[in-house]
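Q: Note that the protein sequences, when read in sequence, are chains A and B. Read left to right, the first sequence gives residues 14 to 229 (my numbering). Read left to right, the second sequence gives residues 14 to 229 (my numbering). Think of the CB as a built atom: it goes at the ideal place given N, C-alpha and C, for glycine as much as any other residue. Quick caveat: nothing in here was measured; it's all calculated off a predicted structure.
Number of protein chains: 2
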Amino acid sequence: MAEKNPIPKRERILDSAEALFAEHGYDGVTLRQIAKGAGVDVALANYHFGKKLDLFQAVFERRAAHLNESRIEALHACQAKAGKKGPSVEQIIEAFLRPLELAQETGDDGWRHYLALIAYINNSPYWGPRMMSQLFDELVQEFISALKKALPKARDEDIYWCYHNLSGALTLTLANTGRIDKLSRGKCSSDDFQAAYDHMIPFTAAGFRKVCASRS
Amino acid sequence: MAEKNPIPKRERILDSAEALFAEHGYDGVTLRQIAKGAGVDVALANYHFGKKLDLFQAVFERRAAHLNESRIEALHACQAKAGKKGPSVEQIIEAFLRPLELAQETGDDGWRHYLALIAYINNSPYWGPRMMSQLFDELVQEFISALKKALPKARDEDIYWCYHNLSGALTLTLANTGRIDKLSRGKCSSDDFQAAYDHMIPFTAAGFRKVCASRS
DNA sequence: CAGACTATTCAACAAGCGTTGAATAATCAA
DNA sequence: TTGATTATTCAACGCTTGTTGAATAGTCTG
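Right under this line is the structure:
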């Protein structure tokens with residue numbers, strides 16, 4: 014019995030590449046592995062996407078706009094709700110993070126792989142400077158200026174260092190390495206995204222307040 | 014004029030491998046690149062270390078013991094100084110982090126590369142579970158039990174999630190991607206390790222207190 | 001100095017790599 | 001049904017990879 018709506022091969026290549034790049038990094042994956050994972054011939058990746066590096070780029074571009082939009086929407090929504098005095102630190106961080114939790118919580122493995130891939134490039138000295146800026150700087154700057162309003166006494170550099178810590182905590186959560194499971198001997202599960210974010214939000218918000226609330 | 018104490022070639026291979034693995038990951042580096050960086054023939058890596066994977070392991074083993082010892086010593090020192098009631102959260106985190114700052118601050122690039130390599134495996138879904146546990150679990154468990162004493166009301170899972178956030182913030186700092194420089198347009202420098210840790214310690218300590226101090 | 005052992009290089013291997021041009025199949029417009 | 005366009009596979013290329021065995025140089029022991 015033939016499948017009515019088979020996933021197009023072009024899409025399956027992106028899915029396969031996404032999953033494998035997230036697990037093994039750019040150099041740890043061959044086009045033949047990607048093709049095999051997608052059930053297509055190796056030359057098809059070249060036909061649709063060009064060189065290996067272009068395929069890598071295409072994997073990012075597929076979901077980038079959607080992700081940034083939902084995060085910006087979350088920020089604007091919480092700003093609208095907060096009124097003139099602006100949202101609190103917790104509310105801003107919540108808007109920054111919750112769309113990612115939702116993406117990780119969908120049954121769709123694609124989003125999990127995509128976010129692990131983001132974690133991979135953010136932590137990579139090679140890819141980080143090349144790719145993170147063009148993907149997220151505009152978004153991040155908007156969150157940072159919201160944080161500045163919520164923490165009017167903070168120095169700029171304090172805000173940036175705090176954001177750096179937030180970004181690191183988030184990145185490890187996105188990477189989803191399962192190490193917290195081992196360390197806690199089962200008391201925490203990497204797949205329990207809600208628990209991860211429910212802890213990350215007050216943790217980082219308290220950090221911002223402590224470092225940024227008062228001038229030295 | 015001949016150099017009196019040339020660095021042995023075996024050591025130079027480790028140095029070169031350390032630097033290249035940290036920048037490009039395991040699969041992003043070839044033995045020929047490593048050999049060229051060390052100024053030796055490609056077969057020499059095999060002679061001294063065996064397979065590529067064994068060289069990778071050897072890079073970790075060279076500095077692991079020294080690093081763990083200095084961190085354990087820092088913990089014991091702060092415990093001795095704190096007396097019977099035990100050190101504070103800040104003091105424990107400081108003991109956990111400062112030895113890394115010192116290692117990054119030495120003029121020696123080797124330690125910087127090594128710590129960036131730790132960041133690479135900690136964030137990698139492939140290497141993380143395979144390598145981090147055997148390198149650091151014993152050390153981490155000792156810090157966690159010290160944190161439990163400093164936060165007697167905390168639930169175990171809260172401590173572990175907070176540690177997860179601490180580990181993430183630290184990891185991004187070790188990776189030293191230079192992204193904070195771009196984002197802050199020069200107000201923060203990734204090479205200003207003291208500033209990084211001076212912000213990270215109160216940030217994460219406040220997070221622990223907030224999440225762990227009181228039961229819900 | 002002889003000899004043994006270690007360190008290092010040389011040359012080559014089979015396997016796998018990204019990439020390509022031509023051939024075939026599928027889709028769609030007229 | 002034709003013809004044109006797109007999608008997909010096939011077969012192969014030149015190159016690089018990790019690894020190895022034999023050859024050479026260096027170092028220490030007696």
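What is the DSSP secondary structure of D204 (chain B), reduced to helix, strand or coil?
A: As a position in the second sequence, residue 204 (chain B) is number 191, starting the count at 1. It is coil, neither helix nor strand.
Q: Among the residues of its own chain, which have a CB less than 6 Å from the CB of A159 (chain A), if the five just before and after it don't count?
A: Sequence index remark: in the first sequence, residue 159 (chain A) carries index 146 (1-based). Only I105 meet the Cβ criterion.
Q: Hey, would you say K94 (chain A) sits closer than 7 Å to V53 (chain A), going by beta carbons?
A: Reading the first sequence from its first residue, position 81 is the one you call residue 94 (chain A). Reading the first sequence from its first residue, position 40 is the one you call residue 53 (chain A). It is not a contact, given that the beta carbons lie outside the stated cut-off.
Q: Where does T217 (chain B) land, buried or exposed, given buried means 16+ other C-beta within 10 angstroms?
A: Mapped onto the second sequence, residue 217 (chain B) falls at position 204. With a 10 Å radius around the Cβ and a threshold of 16 neighbouring Cβ atoms, T217 (chain B) comes out buried.
Q: Okay, do the region 186-199 of chain A and the region 143-153 of chain B touch, 3+ Cβ pairs below 8 Å being the bar?
A: Judged by Cβ distances under 8 Å, the region 186-199 of chain A makes contact with the region 143-153 of chain B, as three or more pairs qualify.
Q: Looking at C225 (chain B): is its Cβ nearer than 7 Å to the Cβ of L164 (chain B)?
A: Reading the second sequence from its first residue, position 212 is the one you call residue 225 (chain B). Reading the second sequence from its first residue, position 151 is the one you call residue 164 (chain B). A contact, by the Cβ cut-off of 7 Å.
Q: Output, in chain order, the set of chain A residues within a Cβ distance shorter than 8 Å of Y173 (chain B).
A: By one-based count along the second sequence, residue 173 (chain B) stands at place 160. By Cβ distance, chain A contributes I193, L196, S197, K200 and C201.
Q: Can you list, in chain order, the residues of its chain whose CB lies under 6 Å from that of S229 (chain A), leaving out five sequence neighbours each side?
A: The sequence position of residue 229 (chain A) within the first sequence is 216, counting from 1. Note that S229 (chain A) scores 45 on pLDDT, short of 50, meaning its location in the model is unreliable; the coordinates nonetheless yield the value given after this. Cβ within range, chain order: n/a, list empty.
Q: Measuring straight from C-alpha to C-alpha, what distance separates Y133 (chain B) and T184 (chain A)?
A: Here the question's residue 133 (chain B) lines up with position 120 in the second sequence. Here the question's residue 184 (chain A) lines up with position 171 in the first sequence. Between Y133 (chain B) and T184 (chain A), the C-alpha separation is close to 12 Å.
Q: For a contact meaning CB atoms closer than 7 Å, what does N59 (chain A) contact in chain B?
A: Locating residue 59 (chain A) in the first sequence gives position 46, counting from the first residue. Here the premise fails: no neighbours, minimum Cβ distance about 21 Å.
Q: Using a Cβ-Cβ cutoff of 9 Å, what residues of the region 25-52 of chain A are near chain B? List them in chain order.
A: A35, E36, H37, G38, Y39, D40, G41 and V42
Q: Ordered along the chain, which non-local residues of its own chain (more than five positions away) have a Cβ less than 7 Å from that of R125 (chain A)?
A: By one-based count along the first sequence, residue 125 (chain A) stands at place 112. Here the set comprises Q117 and N189.
Q: Give every residue of the same chain whose Cβ lies closer than 6 Å to the Cβ of L88 (chain A), excluding the five residues on either side of it in the sequence, and list them in chain order.
A: Along the first sequence, read from residue 1 onward, the residue named residue 88 (chain A) stands at position 75. Closer than 6 Å at the Cβ level, and outside the excluded window around L88 (chain A), lie A108.
Q: Kindly confirm or deny that the region 33-41 of chain A and the region 32-43 of chain B touch, where touching means at least three C-beta pairs closer than 8 Å.
A: yes
Q: Roughly how many angstroms lie between the CA atoms of F221 (chain A) and D28 (chain A), to the nearest whole one?
A: Within the first sequence, the letter at position 208 stands for residue 221 (chain A). Within the first sequence, the letter at position 15 stands for residue 28 (chain A). Taking the straight line from one Cα to the other gives about 37 Å.
Q: Count the other C-beta atoms from every protein chain shown that fall within 10 angstroms of the C-beta of I172 (chain B), then say buried if there are 16 or more, exposed otherwise.
A: In the second sequence, counting from the first residue as 1, residue 172 (chain B) sits at position 159. With 16 or more Cβ atoms within 10 Å of its Cβ, I172 (chain B) is classed as buried.
Q: Would the beta-carbon of L128 (chain B) fall within 7 Å of that of L187 (chain B)?
A: One-based indexing of the second sequence puts residue 128 (chain B) at position 115. One-based indexing of the second sequence puts residue 187 (chain B) at position 174. Yes; because the gap between Cβ atoms is below 7 Å, this pair is in contact.
Q: Using a Cβ-Cβ cut-off of 7 Å (strictly less than) and excluding sequence neighbours within five positions of I131 (chain B), which residues of its own chain qualify?
A: For the purposes of this step, residue 131 (chain B) is taken as the residue at position 118 of the second sequence. These residues qualify, in order along the chain: L187.
Q: Comparing C-alpha positions only, which one of A:L115, A:G191 and A:S83 sits nearest to Q207 (chain A)?
A: Start at 1 with the first residue of the first sequence, and residue 207 (chain A) comes out as number 194. Comparing Cα-Cα distances from Q207 (chain A) to each of A:L115, A:G191 and A:S83, the minimum goes to A:L115.
Q: Compile a chain-ordered list of the residues in the region 117-149 of chain B whose CB is closer than 8 Å to at least one CB of chain A.
A: A129, A132, Y133, N135, N136, S137, P138, Y139, G141, P142, M145 and S146
Q: Over what stretch of residues does the alpha helix (DSSP H) that includes S180 (chain A) continue unbroken?
A: Numbered from 1 along the first sequence, position 167 holds the residue referred to as residue 180 (chain A). From DSSP, the alpha helix (DSSP H) with S180 (chain A) extends over D169 to A188.
Q: Are G181 (chain A) and A182 (chain B) closer than 7 Å when you measure CB to CB?
A: To locate residue 181 (chain A), count along the first sequence from 1; it is residue 168. To locate residue 182 (chain B), count along the second sequence from 1; it is residue 169. A contact, by the Cβ cut-off of 7 Å.
Q: What distance in whole Å lies between the Cβ atoms of A71 (chain A) and I47 (chain A), which are believed to be in contact at a cut-off of 8 Å?
A: Position 34 of the first sequence, counting from 1, holds the residue named residue 47 (chain A). Position 58 of the first sequence, counting from 1, holds the residue named residue 71 (chain A). Actually they do not touch by this definition, with Cβ atoms about 12 Å apart.
Q: Restricting to Cα atoms, I'd like to know which of A:Y139, A:H212 and A:N59 is closest to L179 (chain A).
A: Start at 1 with the first residue of the first sequence, and residue 179 (chain A) comes out as number 166. Comparing Cα-Cα distances from L179 (chain A) to each of A:Y139, A:H212 and A:N59, the minimum goes to A:H212.
Q: Given that a residue counts as buried once 16 or more other Cβ atoms are within 10 Å of its Cβ, and exposed if not, what is I20 (chain B)?
A: For the purposes of this step, residue 20 (chain B) is taken as residue 7 along the second sequence, with counting starting at 1. In this structure I20 (chain B) is exposed. Its beta-carbon is surrounded by fewer than 16 other beta-carbon atoms within 10 angstroms.
Q: Name, please, each residue of chain B whose Cβ falls closer than 7 Å to the Cβ of S180 (chain A).
A: Indexing the first sequence from 1 puts residue 180 (chain A) at position 167. L185, listed in chain order.
Q: In chain order, what residues of the same chain have a beta carbon less than 7 Å from the beta carbon of M145 (chain A), not counting five sequence neighbours either side?
A: Translated into the one-based positions of the first sequence, residue 145 (chain A) becomes position 132. Contacts found: I134 and N135.
Q: Nearest-angstrom Cα distance between A230 (chain A) and I26 (chain A)?
A: Missing from the structure shown is residue 230 (chain A); chain A here goes from 14 to 229 and no further.
Q: Within a Cβ cutoff of 7 Å, which residues of the same chain sit near L262 (chain A), ignoring the five residues on either side of it in sequence?
A: Outside the displayed span of chain A (14 to 229) sits residue 262 (chain A), for which this structure offers no information.
Q: What is the DSSP secondary structure of R231 (chain B), counted as helix, strand or coil?
A: Outside the shown range of chain B, which is 14 to 229, sits residue 231 (chain B), and nothing can be said about it.
Q: Can you list the residues of chain B that F216 (chain A) reaches, using a CB-CB cut of under 7 Å?
A: One-based indexing of the first sequence puts residue 216 (chain A) at position 203. For F216 (chain A), the residues of chain B that pass the 7 Å Cβ criterion are C175, N178, G220, K223 and V224, in the order they occur in the chain.
Q: To the nearest angstrom, report how far apart Y139 (chain A) and L66 (chain B) are at their CA atoms.
A: As a working note, residue 139 (chain A) is residue 126 in the first sequence. As a working note, residue 66 (chain B) is residue 53 in the second sequence. The straight-line gap from Cα to Cα measures roughly 21 Å.
Q: Quick check: is the beta carbon of D205 (chain A) nearer than 7 Å to any beta carbon in chain B?
A: Counted from its first residue, the first sequence places residue 205 (chain A) at position 192. The beta carbon of D205 (chain A) does not come within 7 Å of any beta carbon belonging to chain B, so the residue lies off that interface.
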